[in-house]
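Residue numbers (the working numbering): 5 to 506.
Below is one structure; the comments refer to it alone.
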């Protein structure tokens, strides 16, 4: 029964992701993904300096390079890591939820995780986030298990997972402070001699202390690898108060706007209210993003579960989620924006409660006499994320890789000089360099596409690849020196390939 409750959600998760992959992302890579794969190609060639120059956090790109030795296609190797990570993250989620609640709650938590549209969408990104989520999920499970033991085995595993997470995403530093609190509490509340606990705390904090000493000796520019220098720059405003500079700029802007149309100029108009409640509005935005990730209807079982007493391990899980949200909130204050994926981890940490609440709904729906409202709600909670996941098929956007692949297959000349307005063309063309070493690409960065032909002529381009979004309502210019040879279109964009006329 235990294997069945875990195996069904894992199978559902894998099937959904493979179906979406086969339909949606045939060769498509997000912009960050092009950076990671290019760095991996340098690492595979033995050029560490060039790879680090592209991206200073090498662990993820090194893993792509390692996977590439088994899966020859670079993009497929990267997708394999993302999909595998998200599917395997089901295992620690299951055992964490089972420990906190029960096996049935764990089943529902994992099934909902397998169907969540945002989680499935991130599974199809060439991104560090799925791998970070997998490592972080195992960290939470093992860290909470080690809380009740004095041995070194689980402590060592927790230490290894925490620092591995930091190598993937710098936000993993949160785990260092989180587990340090656990170790301090162990030391304070222990009945036996406390020296062993303080020794573990010293070992736990030693790498962080060594890093701070290196910062003092070499300076901020001496620790650029893994972006530790950026952490320093990011944290400095927190201590000197500069992190509120952007907040006060927005506050003053709204204050000036109060007396100008379309605002009434009287008290409590929208600008005045927004100014006074700006910090609350920011938090409402974070809550909105969290609901978007976990699916809005999941709030109902989440609320049902949170109303009940929180399990002892659940308190630590909520504390860790709060730490992540606090970091995101700080980022929102300093930058006035957040990416949805920044809240992936706290959303994941809410899934055990969603599973427990869904199990409570299942009990109500199957009890006699049956509760029709509970049955409808239960079906809706499962059906809504499933429908939204399938709706991702409509967001297919892979015309650029198709255009480059078509050119590689149909071109008859050895040397090609490509001009394009699509930023991803150099990446896809770069993947063809083994078979077509004489390809060169220049990118036209001006929004005014009427001058792209002059740019291509000045660059002596023989091929022009022009990408256009439907929503921008821009006409494709007529060319005098290039003729259309191929066109690839989806509901969101068109990519056209032109060849230079003699």
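All C-beta atoms in this analysis are idealised placements derived from N, C-alpha and C, irrespective of residue type, glycine included.
Candidates the options: closest to residue i by CA position
| i | options | result |
| --- | --- | --- |
| residue 33 | 435, 458, 484 | 435 |
| residue 359 | 120, 445, 345, 55 | 120 |
| residue 201 | 150, 131, 361 | 150 |
| residue 486 | 336, 472, 457, 463 | 457 |
| residue 103 | 51, 64, 146 | 146 |
| residue 429 | 128, 443, 417 | 443 |
| residue 79 | 482, 101, 60, 25 | 25 |
| residue 154 | 123, 205, 128 | 205 |
| residue 334 | 349, 238, 257 | 238 |
| residue 426 | 415, 447, 337, 433 | 447 |
| residue 339 | 253, 464, 84, 10 | 253 |
| residue 344 | 172, 390, 156, 291 | 291 |
| residue 464 | 255, 269, 503 | 503 |
| residue 134 | 188, 83, 75 | 83 |
| residue 301 | 361, 190, 243 | 361 |
| residue 482 | 453, 269, 462, 65 | 453 |
| residue 460 | 445, 98, 388 | 445 |
| residue 156 | 188, 203, 114, 322 | 203 |
| residue 186 | 324, 36, 23, 27 | 324 |
| residue 424 | 414, 389, 501 | 501 |
| residue 280 | 299, 293, 388, 256 | 256 |
| residue 62 | 172, 419, 76, 50 | 172 |
| residue 131 | 35, 392, 217 | 35 |
Range covered by the beta strand (DSSP E) that runs through residue i
| i | result |
| --- | --- |
| residue 443 | 443-447 |
| residue 421 | 420-424 |
| residue 33 | No beta strand (DSSP E) holds residue 33; DSSP gives it neither H nor E. |
| residue 497 | 497-504 |
| residue 467 | 467-473 |
Range of the contiguous alpha helix (DSSP H) that encloses residue i
| i | result |
| --- | --- |
| residue 280 | 274-280 |
| residue 403 | 403-414 |
| residue 98 | 94-104 |
| residue 393 | 376-394 |
| residue 311 | From DSSP, residue 311 is part of no alpha helix (DSSP H); its letter is neither H nor E. |
| residue 189 | 177-193 |
| residue 248 | Counting along the chain, residue 248 falls outside any alpha helix (DSSP H), and DSSP gives it neither H nor E. |
| residue 492 | Unbroken run through residue 492 is the beta strand (DSSP E), 486-493; no alpha helix (DSSP H). |
| residue 172 | 157-172 |
| residue 368 | 355-370 |
| residue 342 | First-last for residue 342: undefined, no H or E at that position. |
| residue 263 | Segment: none, residue 263 is in no alpha helix (DSSP H) and carries neither H nor E. |
| residue 270 | Per DSSP, residue 270 belongs to no alpha helix (DSSP H) and is neither H nor E. |
| residue 397 | Taken as a continuous stretch (DSSP letters only), residue 397 belongs to no alpha helix (DSSP H), as it is neither H nor E. |
| residue 52 | 52-58 |
| residue 71 | 62-72 |
| residue 144 | 133-150 |
| residue 457 | 456-462 |
| residue 127 | 121-127 |
| residue 430 | 429-434 |
Whole-angstrom C-beta distance between residue j and residue i, which should lie under 8 Å
| i | j | result |
| --- | --- | --- |
| residue 273 | residue 260 | With 8 Å as the limit, residue 273 and residue 260 do not qualify as a contact, their Cβ atoms being about 13 Å apart. |
| residue 522 | residue 498 | The question about residue 522 has no answer here: the residues shown for the chain are numbered 5 through 506. |
| residue 89 | residue 164 | Actually they do not touch by this definition, with Cβ atoms about 17 Å apart. |
| residue 105 | residue 13 | Their Cβ separation, rounded to whole angstroms, is 15 Å, which puts residue 105 and residue 13 out of contact at 8 Å. |
| residue 422 | residue 489 | In fact, because the Cβ distance is near 13 Å, the residues do not count as touching under 8 Å. |
| residue 21 | residue 127 | 5 Å |
| residue 85 | residue 67 | 6 Å |
| residue 337 | residue 250 | 7 Å |
| residue 496 | residue 473 | 7 Å |
Same chain only: Cβ atoms within 7 Å of residue i, ignoring 5 sequence neighbours per side
| i | result |
| --- | --- |
| residue 211 | 167 |
| residue 368 | 375, 378 |
| residue 148 | 317, 320 |
| residue 169 | 136, 139, 140, 143, 176, 179 |
| residue 65 | 40, 43, 44, 47, 55, 59 |
Own chain, CB closer than 8 Å to residue i, minus 5 neighbours either side, in chain order
| i | result |
| --- | --- |
| residue 331 | 175, 178 |
| residue 364 | 305, 308, 309 |
| residue 327 | 178, 181, 182 |
| residue 184 | 205, 208, 209 |
| residue 297 | 120, 122, 123, 344, 347, 348, 351 |
6 Å Cβ shell around residue i - same chain, five flanking residues per side excluded
| i | result |
| --- | --- |
| residue 161 | 146 |
| residue 194 | 201 |
| residue 107 | 9 |
| residue 190 | 201 |
| residue 98 | 10, 110, 114 |
CB contact check: residue i to chain C, cutoff 8 Å
| i | result |
| --- | --- |
| residue 122 | Judged by its chain identifiers, the structure shown contains no chain C, having just a single protein chain. |
Is the segment 58-76 touching the segment 269-289 in the sense that three or more CB pairs, one from each, lie closer than 8 Å?
no
Examine the Cβ distances between the segment 377-389 and the segment 404-423 and report whether three or more of them are shorter than 8 Å.
no
At a cut of 8 Å, does the segment 141-152 reach the segment 31-50 through at least three beta carbon pairs?
no
Quick test of the definition: if touching needs 3 or more C-beta pairs under 8 Å, does the segment 304-321 touch the segment 350-370?
yes
Counting beta carbon pairs with one atom in the segment 12-23 and one in the segment 79-94, are three or more of them shorter than 8 Å?
yes
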